[in-house]
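These notes are about the structure you will find just below.
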Amino acid sequence: MTARLLSGKEAAAAVEAEVAERVAALAAQGKTVGLATILVGEEPASQIYVRGKHRAATRAGMRSFDHVLAAETPPADLERLIDRLNADPAVDAILLQIPLPGGLDPLPFVERLDPGKDADGLHPVNLGRLLLGRPGLRPATPAGILRLLDHYAIDTRGAFVVVVGRSFLVGRPLAVLLSLKGRDATVAVAHTATADLRGLTRQADILVAAAGRPGLIGPEHVRPGAVVIDVGINRTADGLAGDVDFAAVAEIAGAITPVPGGVGPMTIAGLLENTVAAAEARAGQ
Ligand code: NAP
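In the numbering used here, the protein residues as written are 9 to 293.
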């Protein structure tokens with residue numbers, strides 16, 4: 009492998025240490041930071057993600073409140089829980105783990121969250137602030153990716169970034185964040201109707217794969233020396249895989265994230281940053 013390995017574990021540990029200091033500063037004023045998580049159903053991957061989030065919150069000195077609802081919970085009960093957590097002074101941020109079971113649309117529930125307690129930064133108020141370039145809680149995965157680039161001093165200014173995937177969770181908010189003044193990237197967003205994916209991705213200085221398709225990005229998609237960020241988490245017969253053919257792409261890329269241990273830990277870091285930011289705002293700081 010010739011590419012530099014961009015370790016999300018290492019970068020996330022640095023973010024966690026910063027968050028822990030901010031949590032301790034609030035604790036010194038008598039304020040315990042609280043994160044509530046809501047998991048609906050028993051999807052094993054979601055259970056693992058939520059457990060990881062609890063562990064990270066505890067490491068950072070936060071209190072975490074775990075709410076697990078059965079897959080068949082009526083939507084009205086989930087709404088009531090959200091209302092209760094919105095009103096609970098011990099809860100600074102709420103994470104609703106998505107996807108919801110049975111293909112239930114998560115957006116009405118995300119919209120029900122108090123935007124000031126929106127741990128994943130996906131409430132329309134926060135997405136609107138993002139579009140306006142105003143401060144707010146940022147979508148955790150895109151924010152984590154920016155922190156990863158910062159940790160490894162990868163400058164986005166003037167860079168051509170191609171983001172493969174346009175979900176509201178990853179691709180679209182990441183494209184907006186990268187194009188804001190200060191980040192100053194030129195961004196293209198690819199999706200299933202993109203005419204010549206390979207022709208486009210080969211132009212990228214920074215290529216972000218967030219499609220959820222194992223092996224979608226091979227060496228033929230990558231310009232030699234490019235930075236490759238693999239957001240994909242796909243369960244395959246051979247175990248966990250990203251969207252990038254890691255072994256082959258690592259031979260020509262300049263830098264690359266692994267799966268696991270790349271963007272995953274950075275998403276948790278983004279969540280912790282939002283949680284402490286929400287607590288600081290509630291404490292009037
Ligand atoms: P999603 O909602 O399914 O969106 C996937 C996007 O990729 C869509 O915009 C889709 O295009 C596009 N796409 C799919 N196949 C493509 C192809 N062959 N060529 C070009 N574009 C293609 O998924 P998501 O929620 O954004 O998640 C994407 C992946 O990231 C998943 O593997 C997920 O598990 C992972 N993820 C990881 C983290 C983390 O912390 N590491 C966090 C969130 C998500 P259309 O819009 O045209 O359908």
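Yeah, the Cβ is synthetic: ideal placement off N, Cα and C, and Gly gets one too.
query: Thr45 CB to nearest heavy atom of the ligand NAP below 6 Å; result: no
query: Residue from Leu280, Val118, Ala25 and Gly223 with nearest C-alpha to His254; result: This sequence places Phe at residue 254; His is not what is there. Checking every option, the nearest Cα to that of Phe254 belongs to Gly223.
query: Contact test: Arg174 Cβ vs the ligand NAP heavy atom, cutoff 6 Å; result: yes
query: Three-state class that DSSP yields for Arg263 in the structure shown; result: Reading the sequence as shown, one finds Ala at residue 263 and not Arg. In this structure, Ala263 counts as strand in the three-state DSSP scheme.
query: His199, DSSP secondary structure in three states; result: coil
query: Cβ neighbour criterion (16 or more within 10 Å) applied to Met9; result: exposed
query: Which listed residue (Ala11, Ala21, Arg92 and Arg120) has its alpha carbon closest to that of Gly278; result: Ala21
query: DSSP three-state assignment for Ala101, whether helix, strand or coil; result: strand
query: Cβ neighbours of Ala289 in the same chain (closer than 8 Å, five flanking residues each side left out); result: Gly124
query: Option in Arg71, Pro114, Ala78 and Gln105 with minimal Cα separation from Pro97; result: Arg71
query: Segments of 4+ residues assigned as alpha helix (DSSP H) that fall wholly inside the segment 165-194; result: 179-187
query: Range covered by the alpha helix (DSSP H) that runs through Ala151; result: Ala148 to His159
query: Segment contact flag, the segment 218-237 with the segment 257-275, C-beta cutoff 8 Å, min 3 pairs; result: yes
query: Same chain, Cβ closer than 8 Å to Gly240, neighbours up to 5 away in sequence not counted; result: Ala217, Ala218, Ala219, Gly220, Arg221, Pro222, Leu224, Ala249, Gly250, Asp251, Val252 and Val267
query: Endpoints, the alpha helix (DSSP H) within which Ile106 is located; result: No alpha helix (DSSP H) holds Ile106; DSSP gives it neither H nor E.
query: His131 versus Pro109, Leu139 and Leu121, residue with shortest Cα-Cα distance; result: Leu121
query: Val230, enclosing alpha helix (DSSP H) - first and last residue; result: Val230 -> no alpha helix (DSSP H), and no H or E assigned at all.
query: Local Cβ density within 10 Å of Ala6, reported as buried at 16 or more and exposed below that; result: This structure does not reach residue 6, given that the chain is present from 9 up to 293, and the question cannot be answered.
query: Straight-line Cα distance separating Leu13 from Glu87; result: 42 Å
query: Beta carbon of Asn282 nearer than 7 Å to that of Gly136; result: no
query: Sub-7 Å separation of Gly179 and Val171 beta-carbons; result: yes
query: Cα-Cα separation, Arg208 to Val271; result: A quick correction: the sequence has Leu, not Arg, at residue 208. Those two C-alpha atoms are separated by around 23 Å.
query: Span separating the alpha-carbon of Asn94 from that of Leu43; result: 11 Å
query: Beta-carbon separation (whole angstroms), Lys17 vs Gly269, contact threshold 8 Å; result: 5 Å
query: For His62, the three-state DSSP class (helix, strand or coil); result: helix
query: Alpha-carbon spacing of Ala243 relative to Ala28, whole angstroms; result: Contrary to the premise, residue 243 reads as Arg rather than Ala in this sequence. So the two alpha carbons sit approximately 32 Å from each other.
query: Contact belief for Leu103 with Ile46 at Cβ below 8 Å, rounded distance in angstroms; result: 7 Å
query: Cβ shell of Arg231 (< 6 Å), same chain only, five flanking positions each side left out; result: Arg210
query: Ile241 Cβ short of 6 Å to the ligand NAP heavy atom set; result: yes
query: Reduced DSSP secondary structure (H/G/I, E/B, other) of Ala20; result: helix
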